[in-house]
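**Q**
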Amino acid sequence: MVSSDHLAKVLEQERRLVLERFDEEVAFAIGCAIYKRAVVEALGIVVDIRTFDRQLFFAATSGTSVDNTGWARRKANAVRHFLQSSYRLTLEHQSLDRSFAKEWALDVSDYVLAGGGFPVSVKNAGVVGSITVSGLEEDLDHAIIVDSLCDGLRIPRGELAFHG
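The sequence shown begins at 1 in full-length UniProt numbering and counts up one residue at a time.
1. Return the CA-CA distance between residue 166 and V18, expressed in angstroms with no decimal places.
2. Taking the straight line between their C-alpha atoms, what separation do you get for D67 and A114?
3. If you follow the beta strand (DSSP E) that D141 is part of, which residue opens it and which one closes it?
4. What residue range does the alpha helix (DSSP H) around G31 cover?
5. According to DSSP, is D48 part of a helix, a strand, or is it coil?
6. Please tell me whether R74 and S130 are closer than 9 Å, where the distance is taken between their beta carbons.
7. Short of 7 Å in beta carbon distance, which residues of its chain neighbour F22, apart from the five on each side in sequence? Order them along the chain.
8. Which residue or residues does DSSP assign as beta-bridge partners of P119?
9. Below 9 Å between beta carbons: does that hold for residue 169 and V112?
Right under this line is the structure:
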């Protein structure tokens with residue numbers, strides 16, 4: 001069971017994890033940090049970082065499949081549509097079949113309610129893209145992204161980590 005504090009923490013993460021700039025160099029640095037951690041910890045994940053018009057970074061570690069790539073794409077689409085983390089959406093709109101309510105008219109082949117997609121927010125610009133991880137439990141996919149952003153922004157991980 002997810003802690004009732006997770007939603008409040010995700011909202012704080014989205015508010016605080018704002019970059020000064022975002023370009024190919026920044027995407028590469030974030031992607032490499034996530035990939036390196038996955039290799040060191042033997043985590044089977046895919047990492048997809050993009051602006052809303054193109055992919056800037058993609059990597060897959062051992063133990064992943066085309067399914068993980070599909071999940072990452074669907075999570076990124078959810079972030080793009082709502083400009084929020086996919087874990088936040090999951091917590092706010094819990095659905096056993098991981099689909100959005102019918103009134104949203106979002107095709108399940110293109111959108112999913114699953115954690116692991118996080119908005120790339122830039123100071124004075126807003127949300128410009130997404131970082132997506134797929135391969136672990138959804139809260140862990142989400143946490144890897146948050147950790148990498150904390151590291152890059154020099155925010156102690158514990159300040160934005162889930163507790164309990």
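Ideal Cβ positions, reconstructed from N, Cα and C, are used throughout, including at glycine.
**A** Looking at the atomic coordinates:
1. The structure shown has nothing for residue 166, since the chain only spans 1 to 164.
2. On the sequence shown, position 67 is the one that residue 67 refers to. On the sequence shown, position 114 is the one that residue 114 refers to. Cα to Cα, the separation comes out at about 14 Å.
3. Residue numbering aside, residue 141 sits at position 141 when the sequence shown is read from its first letter. Where D141 is concerned, there is no enclosing beta strand (DSSP E), although the alpha helix (DSSP H) around it starts and stops at 138-153.
4. Start at 1 with the first residue of the sequence shown, and residue 31 comes out as number 31. Here the alpha helix (DSSP H) through G31 covers 24-40.
5. The residue given as residue 48 occupies position 48 in the sequence shown. Three-state DSSP puts D48 in a strand.
6. In the sequence shown, counting from the first residue as 1, residue 74 sits at position 74. In the sequence shown, counting from the first residue as 1, residue 130 sits at position 130. Not closer than 9 Å, so no.
7. Sequence index remark: in the sequence shown, residue 22 carries index 22 (1-based). Counting only Cβ-Cβ distances below 7 Å, and skipping sequence neighbours, we find V120, V122, V128, G129.
8. Along the sequence shown, one-based indexing puts residue 119 at 119. In DSSP, P119 forms a bridge with S130.
9. Nothing can be reported for residue 169, as the shown portion of the chain is limited to 1 through 164.
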